[in-house]
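Participant: I'd like to ask some things about the structure below.
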Amino acid sequence: MRDAIAVVFERSDSGRKELQWADVRDALSSDQWGRLIRNGTLVEGSSGFALADPNRIQRELEEHERDSGPDEDEDEIEAEPWAWYDKAVGLTALAFFMGYWNTGIRNTIASIDDLVLAPITDVLPFYAVIILLAIGTGLYSTVLQARLTNTEKLQAYQKRMSDLQERQKAAKERGDEEALERIREEQMAAAGDQLGMFKLQFRPMVWIMLLTIPVFLWLRWKVRGGHLGAGETGLVVPLAGAVSWQDPLVGPMATWIVWYFLCSMASRQLIRKTLAIQPASPSS
Numbered sequence: 516m517r518d519a520i521a522v523v524f525e526r527s528d529s530g531r532k533e534l535q536w537a538d539v540r541d542a543l544s545s546d547q548w549g550r551l552i553r554n555g556t557l558v559e560g561s562s563g564f565a566l567a568d569p570n571r572i573q574r575e576l577e578e579h580e581r582d583s584g585p586d587e588d589e590d591e592i593e594a595e596p597w598a599w600y601d602k603a604v605g606l607t608a609l610a611f612f613m614g615y616w617n618t619g620i621r622n623t624i625a626s627i628d629d630l631v632l633a634p635i636t637d638v639l640p641f642y643a644v645i646i647l648l649a650i651g652t653g654l655y656s657t658v659l660q661a662r663l664t665n666t667e668k669l670q671a672y673q674k675r676m677s678d679l680q681e682r683q684k685a686a687k688e689r690g691d692e693e694a695l696e697r698i699r700e701e702q703m704a705a706a707g708d709q710l711g712m713f714k715l716q717f718r719p720m721v722w723i724m725l726l727t728i729p730v731f732l733w734l735r736w737k738v739r740g741g742h743l744g745a746g747e748t749g750l751v752v753p754l755a756g757a758v759s760w761q762d763p764l765v766g767p768m769a770t771w772i773v774w775y776f777l778c779s780m781a782s783r784q785l786i787r788k789t790l791a792i793q794p795a796s797p798s799s
């Protein structure tokens with residue numbers, strides 16, 4: 516309503532002339548015009564409606580302008596560009612991702628990983644190796660997500676979309692077609708916010724995938740490629756009993772996948788609690 520009052524104040528020449536609804540219908544909804552009349556801000560004059568107390572309104576508008584400052588306008592949220600190294604990491608992660616379908620890429624990545632992980636698998640049982648990998652990738656991904664996500668800008672995007680949805684809902688309830696049309700135009704103008712939010716959320720993901728994809732490819736190569744030790748048959752799982760690493764455990768998901776995801780989720784929760792790291796999304 517402050518914006519509506521500012522429009523009326525400006526078009527009434529600071530309260531010196533009377534206005535008709537037709538003078539402001541391009542900037543105000545009929546509901547806003549009616550509320551200004553009902554609450555006494557506008558009073559009936561000889562040929563239209565005039566501001567009841569233009570001096571008080573002028574003071575309040577000036578005070579609000581001083582308090583809010585020049586940066587209150589949130590029409591433009593500057594998009595955060597990716598640096599060249601973000602793009603390089605994204606392309607590398609995409610190449611790693613192709614290893615899920617390309618045997619040559621998968622075997623190459625897994626063979627390089629095995630140079631580092633082979634000494635660990637010689638000492639620890641395979642289920643413990645998965646636990647260590649889950650903790651390592653969980654720490655890496657949790658810290659990166661916290662450091663690389665611009666929470667303030669993400670909140671600004673989400674607040675704008677939430678405000679538009681609330682205003683649209685209120686306009687529908689009161690049947691204000693003019694307000695709905697203006698809100699639709701704002702939504703069209705704010706369509707870039709969706710891309711901005713996606714870029715903000717996806718930037719830490721490409722860095723996380725840079726490590727987690729090779730680890731996952733190594734585990735798959737180890738289990739399905741027949742590179743496990745003779746004694747590494749599987750796990751004893753409650754209700755299911757003894758299962759091999761390749762046996763489906765939850766639907767079509769193999770035991771090693773389920774075990775890795777369970778360890779990863781548990782380690783992430785513990786790491787967040789230990790390091791007091793909150794999830795990046797405000798809605799979480």
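Under the working numbering, the first residue of the sequence shown carries the number 516, and numbering increases by one thereafter.
Glycine included, C-beta positions come from ideal geometry on N, C-alpha and C.
None of these values were measured; they are calculated from a predicted model.
(1) At 4 residues or longer, and completely inside the region 599-646: list those alpha helix (DSSP H) runs for me, N to C.
(2) Counting pairs of Cβ atoms below 8 Å between the region 727-744 and the region 761-774, do you hit three or more?
(3) In whole angstroms, give me the CA-to-CA distance for R783 and M720.
(4) Would you mind working out which of S544, V644, I646 sits nearest A685, comparing C-alpha positions?
(5) First and last residue of the beta strand (DSSP E) that includes E533?
(6) How is S545 classed by DSSP in three states: helix, strand or coil?
(7) Under the DSSP definition of a beta bridge, which residues are partnered with P763?
(8) Within 10 angstroms of its Cβ, does G749 collect 16 or more other Cβ (buried), or is it exposed?
(9) Using only the alpha-carbon positions, how far apart do I635 and A649 sit?
(10) Are the CB atoms of P729 and D637 nearer to each other than 9 Å?
(11) Skipping 5 residues on each side, what residues in its chain have a beta carbon closer than 7 Å to that of S529?
(12) Look at the alpha carbon of R517 and the alpha carbon of L695, and state the distance between them as a whole number of angstroms.
(13) By a C-beta neighbour count over all protein chains shown, 10 Å radius and 16 as the cutoff for buried, is L557 buried or exposed?
(14) Quick one: using the 10 Å Cβ neighbour count with 16 as the cut-off for buried, is A608 buried or exposed?
(15) Go through its chain and collect everything with a Cβ distance to F612's Cβ below 8 Å, but skip five positions before and after it.
(16) Taking C-alpha atoms, which residue in W536, R526, L679, W597 lies nearest to M703?
(17) Which whole-angstrom value is the C-beta distance of W733 and I645, which I expect to be below 8 Å?
(18) Would you kindly report the start and end of the unbroken alpha helix (DSSP H) that includes A521?
Facilitator: So, from the data block:
(1) 599-612, 618-638
(2) yes
(3) 15 Å
(4) S544
(5) First-last for E533: undefined, no H or E at that position.
(6) helix
(7) A769
(8) buried
(9) 14 Å
(10) no
(11) P569, Q573
(12) 19 Å
(13) buried
(14) buried
(15) M724, I728
(16) L679
(17) At roughly 11 Å, the Cβ-Cβ gap does not stay under 8 Å, so W733 and I645 are not in contact.
(18) 517-526
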